[in-house]
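Q:
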Amino acid sequence: MSTNKIDVAIIGASGYTGLELLKIIINHPIFNITYVANSEGNISVSALHPSLKGVFEMTVSKADTSEIIKKATVVFLALPHQASMGFAKQLINLDSDKKLKIIDLSADYRLELATYEKHYCPHEDALNLPNAVYGMPEFYRDAIKQANLVANPGCYPTASLLALIPFLEYIDENSSVFIDAKSGISGAGKKLSDATSFVSVSENMTAYNPFKHRHTPEIIEKAKLVGNKNLKINFVPHLIPVTRGMLVSVYVSLNQKIDSKKVLEDFYKNEEFVRISNTPVDIKNTSGTNFCDIFVAQNGDDLFINSSIDNLLKGASSAAVVNANLMCGLEENCGIPKIAYVP
Ligand SMILES: NC(=O)c1ccc[n+]([C@@H]2O[C@H](COP(=O)([O-])OP(=O)(O)OC[C@H]3O[C@@H](n4cnc5c(N)ncnc54)[C@H](OP(=O)(O)O)[C@@H]3O)[C@@H](O)[C@H]2O)c1
Numbered sequence: 004m005s006t007n008k009i010d011v012a013i014i015g016a017s018g019y020t021g022l023e024l025l026k027i028i029i030n031h032p033i034f035n036i037t038y039v040a041n042s043e044g045n046i047s048v049s050a051l052h053p054s055l056k057g058v059f060e061m062t063v064s065k066a067d068t069s070e071i072i073k074k075a076t077v078v079f080l081a082l083p084h085q086a087s088m089g090f091a092k093q094l095i096n097l098d099s100d101k102k103l104k105i106i107d108l109s110a111d112y113r114l115e116l117a118t119y120e121k122h123y124c125p126h127e128d129a130l131n132l133p134n135a136v137y138g139m140p141e142f143y144r145d146a147i148k149q150a151n152l153v154a155n156p157g158c159y160p161t162a163s164l165l166a167l168i169p170f171l172e173y174i175d176e177n178s179s180v181f182i183d184a185k186s187g188i189s190g191a192g193k194k195l196s197d198a199t200s201f202v203s204v205s206e207n208m209t210a211y212n213p214f215k216h217r218h219t220p221e222i223i224e225k226a227k228l229v230g231n232k233n234l235k236i237n238f239v240p241h242l243i244p245v246t247r248g249m250l251v252s253v254y255v256s257l258n259q260k261i262d263s264k265k266v267l268e269d270f271y272k273n274e275e276f277v278r279i280s281n282t283p284v285d286i287k288n289t290s291g292t293n294f295c296d297i298f299v300a301q302n303g304d305d306l307f308i309n310s311s312i313d314n315l316l317k318g319a320s321s322a323a324v325v326n327a328n329l330m331c332g333l334e335e336n337c338g339i340p341k342i343a344y345v346p
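Going by my numbering, the residue at position 165 of the sequence shown is 168; the numbering climbs one at a time, nothing skipped.
Right under this line is the structure:
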């Protein structure tokens, strides 16, 4: 390890979130990439990602836990669920004094066991699951600082929970909350499918898995844990014909009179990466950044809360680096992108 630097491994470097991790960490003043891997290895970073040619070069390895342990102290797992816990389990249960700090971008450590197994697959690391901290600094900052395993939140839950949670104390228990969410196609990862092919998505829009998307239980569980409120979440995601970006519209009914804009401003007054907007938000102004922009409008007792994030950044990779910063005792904003891809 070079002086003052912290050695970092990125597993899943050939994927969309893996590329975003590379881009952020290449410019990070403290983190130093010492190991990158995917499922096959034996290729260079620039062959995988031509946009990085002349910027960063390293051989991509076939992911191997003993190499990760030798070469890194911080490990980002940018892998599909199930594959992630296979690696995390071995890395956590190291028979060594070296304590790795692991940030898992998949769903494997986000949910309680029964909820996970109902919506994903049998869990292979139930022992470590309770030790994972949900990596949303707005609500779990102190716990993240102490954690060795952080479950990075899903993209839809990030945009939805940041919009919803400030208003939970003004909503009745068990009330219905409607969340209409729209995501760019990169949210589905790089694997080709009919649903995400150019012909299907170009000049088109569609809802998918209405009320049944796997991020619904994550929103319900965290609203309960953070806001102590059981809610009936009606979550409907849509694919929209853009590469990146996520726009969420939450509709709720209040049980008392409030100044909703003031509630939002007070709630997030100390949060650098949540910006309150005077006008409905859009995806362009958060694209390329770790910001979540939020707008609220009130019609009597009814609220429209509108949030925007970059699904690949605040919804995945920049949030993961924020978590790593906190776990390593660095400033939360160290090396975190703030300038949007506008125009
Ligand atoms: N995309 C988003 O907006 C987003 C947002 C939040 C969270 N996430 C979550 O983040 C994770 C990564 O998503 P993504 O969109 O980056 O996926 P992706 O584009 O499909 O990339 C997946 C990566 O995992 C690697 N991989 C798969 N199985 C592996 C194995 N057994 N060993 C080593 N490497 C393996 C792939 O390597 P190969 O190239 O060799 O196959 C690839 O690098 C997923 O769990 C996803 O749900 C994604």
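Where a beta carbon is used, it is the ideal one built from N, C-alpha and C, also for glycine.
Please confirm whether phenylalanine 294 and lysine 317 have their CB atoms less than 8 angstroms apart.
A: yes
Q: Which residue spans inside the stretch 157-184 form an unbroken alpha helix (DSSP H) run of at least 4?
A: Fully enclosed alpha helix (DSSP H) runs of no fewer than 4 residues occupy 158-167 of the stretch 157-184, in order along the chain.
Q: Mind checking whether the beta-carbon of leucine 353 lies closer than 7 angstroms to any heavy atom of ligand 1?
A: Look at the range of the chain in this structure, 4 to 346, and you will see that residue 353 is not part of it.
Q: Jot down the residue ranges of each uninterrupted alpha helix (DSSP H) in the stretch 99-126, minimum 4 residues, whole runs only, in chain order.
A: 116-122
Q: Lysine 341 by DSSP, collapsed to three states: which one?
A: coil
Q: Measure the C-alpha to C-alpha separation of proline 83 and phenylalanine 59 and round it to an integer number of angstroms.
A: 25 angstroms
Q: What is the residue span of the alpha helix (DSSP H) that proline 140 lies within?
A: 140-149
Q: In terms of residues, what are the limits of the alpha helix (DSSP H) holding glutamine 93?
A: It spans 86-95 - the alpha helix (DSSP H) in which glutamine 93 sits, taken as one unbroken run.
Q: Cβ-heavy atom distance between serine 109 and ligand 1 below 7 angstroms?
A: It does: the Cβ of serine 109 is within 7 angstroms (strictly closer) of some heavy atom of ligand 1.
Q: Report all residues from its chain with a CB closer than 6 angstroms to the CB of aspartate 128; omit the five preceding and five following residues, and keep chain order.
A: Met88, Lys92
Q: So what's valine 2 in DSSP terms, helix, strand or just coil?
A: Coverage of the chain is limited to positions 4 through 346, which leaves residue 2 absent and any answer about it impossible.
Q: Have a look at the DSSP bridge pairing and note the partners of threonine 62.
A: Beta-bridge analysis with DSSP links threonine 62 to Ser47.
Q: Starting from aspartate 296, trace the beta strand (DSSP E) in both directions and tell me its first and last residue.
A: Aspartate 296 -> beta strand (DSSP E) spans 295-302.
Q: Out of curiosity, what's the CA-to-CA distance linking methionine 4 and isoleucine 182?
A: Here methionine 4 scores only 43 on pLDDT, less than 50, and its place in the model is too uncertain to base an answer on.
Q: Using only the alpha-carbon positions, how far apart do aspartate 111 and phenylalanine 307 sit?
A: 31 angstroms
Q: Just the Cα atoms here: how many angstroms apart are threonine 62 and lysine 26?
A: 16 angstroms
Q: Can you check DSSP and say which residues form a bridge with lysine 193?
A: Answer by DSSP bridge pairing: none, since lysine 193 is not bridged.
Q: Is threonine 193 a contact residue of ligand 1, with contact defined as CB to any heavy atom under 7 angstroms?
A: Inspection of the sequence shows that residue 193 is occupied by lysine rather than by threonine. Yes - ligand 1 has a heavy atom lying nearer than 7 angstroms to the Cβ of lysine 193.
Q: Verify the contact flag: alanine 319, CB atom, against every heavy atom of ligand 1, threshold strictly below 7 angstroms.
A: At least one heavy atom of ligand 1 is nearer than 7 angstroms to the Cβ of alanine 319, so yes.
Q: Around the C-beta of serine 99, are 16 or more other C-beta atoms found within 10 angstroms, so that it is buried, or is it exposed?
A: It is exposed - the Cβ of serine 99 has fewer than 16 other Cβ atoms within 10 Å.
Q: Which residue wins for smallest C-alpha separation from leucine 103, given the options Leu114, Ala75, Lys121?
A: Ala75
Q: Just to check my reading of the structure: tyrosine 344 and leucine 257 have Cβ atoms closer than 8 angstroms, yes? What is that Cβ distance to the nearest angstrom?
A: Tyrosine 344 to leucine 257, Cβ: 35 angstroms. No contact.
Q: For lysine 287, which of helix, strand or coil comes out of DSSP?
A: coil
Q: Is there at least one non-hydrogen atom of ligand 1 closer than 7 angstroms to the beta-carbon of glutamate 43?
A: yes
Q: Given a cut-off of 8 angstroms on the beta-carbon distance, is the pair asparagine 309 and valine 284 in contact?
A: yes
Q: Quick check on this structure: which residue in Ile33, Asn41, Lys8 has the alpha carbon closest to the alpha carbon of leucine 22?
A: Asn41
Q: Taking 7 angstroms as the cut-off, does the CB of threonine 20 come closer than this to any heavy atom belonging to ligand 1?
A: The beta carbon of threonine 20 sits closer than 7 angstroms to at least one heavy atom of ligand 1.
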